[in-house]
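Right, one structure below, let's go through it.
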Amino acid sequence: MGTLEGYRQAVYHAGTRSHATTTFTCNLCGRSNRLPETPPEPETPTCASCGSNVRTRGLIHMLSQELFGSPLLLTEFPRVKSLRGLGTSDSESYANRLADRFDYRNTFLHREPRFDIVHPSSDEFGRYDFLLSSEVLEHVLSPVETALQNACRMLKPSGVFVFTVPYSLEATTSEHFAGLHDFGFAQLSDRTLLVNRTSQGEVRVFDDLIFHCGGGSTLEMREFSEAGLRSLLATAGFTEVRIDGEDHPESGIVRRYSWSLPIAARKGPFAFSKDATRDLAEQYQESQKRLQSLLRSFLLRLALKMRLLGQRAGAKRNTSNTGRP
Ligand SMILES: [Zn+2]
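Using the numbering used here, read the sequence shown as starting at 3 and increasing by one per residue.
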């Protein structure tokens, strides 16, 4: 059975793609960058300004499509404070801007503000228009069904869960530590072991651990498959799943492969609430007022300039008339 890394290696030398454009605009910060000649690794920073990569740009591209039906730059998102969102260990490269635009808060498992999607407070249910999660679900404790069911319960009926996670095209999701119950880590020479006692009292030691960027909290618990994810999402209560397999070279989103793509899962059709619609309408009216004010100011300056030019031309004519014999 091929591993995810195997798939990555298999396409690493698959050649280059040609795109009509040679530059892209980072959809996180708006900076213009040169498009790499070959599709970069998803984690390679390719925006010279904010350090965004294909994964983070793909995530925000998907969020924009889901909320506004259009791939807006994050810097151009309308300010809709009645839209409520929650992030789990989101990158600062987009979390701060999201907090500026929406009623959004970023959270963490091991530091404040804390939040554990496996054990959310019941106060969190039905509150959110969107949830964001990038490279988190492969690390949450088993059964992962609990985390996905909680995500679904936390959303409003029209809410959307936008996330990325490493997944393969295998038939099923592979859980690395089935029956994890009472467990801890042990250090043996230069190796970290996971020791588990199952609910039946059986002790088992695992030594083939995969850590993402070090630390016990980033232990890879499973390798999802696309089919397995779709099945898990449906079981959790999501009725619609969209996977963005398109390249978007204008935003620097070009990929080497067709898995581990951004996913949007919905409970129902997305719809703006009355409050969100009012926020948008007020913002539109405000922008129209600003535009009219700018236009008036421009026309006034233009009129003054024309009048000044007219006065100068008149004065010149008078001078030349006076000088006539
Ligand atoms: Zn950027």
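C-beta: ideal position from N, C-alpha, C; glycine also.
On a predicted model such as this, the values are computed, not experimentally measured, just so you know.
heavy atom of ligand 1 below 7 Å from residue i C-beta
i    : result
L30  : yes
S233 : no
S51  : yes
R155 : no
S124 : no
R314 : no
S54  : yes
R33  : yes
Counterpart residues of residue i in DSSP-defined beta bridges
i    : result
D125 : None, per the DSSP bridge assignment.
N198 : F185 and R206
R268 : V162 and E242
E225 : S176
I255 : H250
R193 : L190
Y286 : Note: Y286 sits in no beta bridge, so no partner.
S170 : S227
Spatial distance of residue i from residue j (CA atoms)
i    : j    : result
L139 : S91  : 11 Å
C28  : N320 : 58 Å
E248 : K158 : 28 Å
G218 : N108 : Residue confidence is low: G218 scores 48 on pLDDT, short of 50, so the model does not pin down where it sits. Its coordinate-derived value is still stated next. The straight-line gap from Cα to Cα measures roughly 21 Å.
K307 : F300 : 10 Å
C154 : R244 : 15 Å
C49  : N35  : 6 Å
K269 : S54  : 29 Å
F240 : L134 : 15 Å
D192 : S253 : 42 Å
E39  : C52  : 20 Å
A315 : E288 : 40 Å
P73  : F79  : 10 Å
L61  : A101 : 16 Å
E225 : F179 : 11 Å
R59  : I255 : 7 Å
L37  : R258 : 14 Å
F163 : W261 : 18 Å
E94  : H141 : 20 Å
Closest residue to residue i among the options (Cα-Cα distance)
i    : options                   : result
A97  : C31, V205, N152 and L311  : C31
F110 : A305, D281 and G89        : G89
T174 : G181, S124, A229 and R206 : A229
P168 : Q67, R57 and A238         : R57
G203 : E78, L182, F104 and F226  : L182
S275 : S95, F132 and I62         : F132
A238 : L221, S227, F213 and A267 : A267
E177 : V207, L143 and M156       : L143
R103 : R116, L85, S93 and F117   : L85
G128 : S136, G87, T148 and E114  : G87
H214 : P41, R33, L37 and E45     : E45
A273 : P42, I265 and Y130        : Y130
- Taking only runs of the alpha helix (DSSP H) that begin and end inside the stretch 38-100, which ones reach a length of at least 4 residues, in chain order? Counting only runs that start and end inside the stretch 38-100, the alpha helix (DSSP H) elements of at least 4 residues fall at 56-70.
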